[in-house]
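In the working numbering, the protein residues as written are 748 to 941.
As structure tokens, this is what we get:
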């Protein structure tokens with residue numbers, strides 16, 4: 748499929764192909780194709796789990812996950828007429844599958860960067876919650892809050908080895924990135940209660 752080009756490993760053209768696919772999705776894709784985009788991503792990400800629901804962590808799977816953070820650009824570049832297309836497809840299952848996959852990555856600098864990007868995508872989603880469709884929205888949001896809180900709590904209890912300034916900075920960035928969608932969620936909860 749089109750999205751398999753995101754993990755193209757052609758030595759000569761792979762990087763260029765990935766760049767062009769991401770630019771096409773972020774800036775050139777017609778909003779009427781967004782439901783198909785979300786459904787295709789969900790279908791691919793679901794293959795990252797075995798029949799028992801266990802995560803299959805591989806380099807190509809992780810690379811695909813990292814590249815689909817281009818969805819943040821799709822959400823941020825939204826114009827008035829795209830809102831009707833964003834809400835057609837249920838993206839809750841897709842997002843929870845992505846978060847579940849990322850949760851199983853080893854604690855490495857690269858994994859921390861991926862988690863930070865994912866939190867930025869979740870923040871963009873929380874800002875646009877009214878325009879997006881989630882199957883069971885409350886269950887979806889509660890699960891996201893649980894996962895993001897785990898990341899913040901996990902980072903605050905890890906001891907950084909000596910000379911690990913970069914790791915400390917990255918975990919601080921991750922903590923901040925996790926807090927932002929939680930902030931948007933808590934603001935929304937206050938509005939719903941009122």
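Note that beta-carbon positions come from the ideal geometry of N, C-alpha and C, so glycine has one too.
Legend entry - Whole-Å CB distance - residue 874 paired with residue 930, under 8 Å assumed: Within the chain shown, the letter at position 127 stands for residue 874. Within the chain shown, the letter at position 183 stands for residue 930. Contact flag wrong, Cβ pair sits at about 11 Å.
Inset, instruction - Would you kindly report the start and end of the unbroken alpha helix (DSSP H) that includes residue 820? - result: Position 73 of the chain shown, counted from the first residue, corresponds to residue 820. Start and end: 818-823.
Inset, instruction - Determine the contact status of residue 870 and residue 789, defining contact as a CB-CB distance below 8 Å. - result: Against the chain shown, residue 870 aligns to sequence position 123. Against the chain shown, residue 789 aligns to sequence position 42. No.
Inset, instruction - Just mark residue 862 as buried or exposed, buried being the case when its beta carbon has 16 or more other beta carbons within 10 Å. - result: Stepping through the chain shown from its first residue, residue 862 is reached at position 115. When all chains shown are included, residue 862 counts as buried.
Inset, instruction - Look at the alpha carbon of residue 888 and the alpha carbon of residue 781, and state the distance between them as a whole number of angstroms. - result: Along the chain shown, one-based indexing puts residue 888 at 141. Along the chain shown, one-based indexing puts residue 781 at 34. Residue 888 and residue 781 have their alpha carbons spaced roughly 21 Å apart.
Inset, instruction - Throw me the rounded Cβ distance for the residue 868 and residue 818 pair, which I believe falls under 8 Å. - result: Counted from its first residue, the chain shown places residue 868 at position 121. Counted from its first residue, the chain shown places residue 818 at position 71. Yes, they are in contact, since the Cβ atoms of residue 868 and residue 818 sit about 6 Å apart, within 8 Å.
Legend entry - Where residue 872 falls, given that 16 or more other Cβ within 10 Å makes a residue buried: Against the chain shown, residue 872 aligns to sequence position 125. Under this definition residue 872 is a buried residue.
Legend entry - residue 804 and residue 851 closer than 8 Å at C-beta: Locating residue 804 in the chain shown gives position 57, where the first residue counts as 1. Locating residue 851 in the chain shown gives position 104, where the first residue counts as 1. Their beta carbons are under 8 Å apart, which means residue 804 touches residue 851 by this criterion.
Inset, instruction - Go ahead and label residue 967 buried or exposed: buried means 16 or more other beta carbons lie within 10 angstroms of its beta carbon, across all protein chains shown. - result: No information on residue 967 is available, as it lies outside the stretch 748 to 941 that the chain covers here.
Legend entry - Alpha-carbon spacing of residue 855 relative to residue 893, whole angstroms: For the purposes of this step, residue 855 is identified with residue 108 of the chain shown, where counting begins at 1. For the purposes of this step, residue 893 is identified with residue 146 of the chain shown, where counting begins at 1. Those two C-alpha atoms are separated by around 21 Å.
Legend entry - 8 Å Cβ cutoff met for residue 792 and residue 859: Within the chain shown, residue 792 is the residue found at index 45, counting from 1. Within the chain shown, residue 859 is the residue found at index 112, counting from 1. Against a cut-off of 8 Å, the Cβ pair of residue 859 and residue 792 comes out as no contact.
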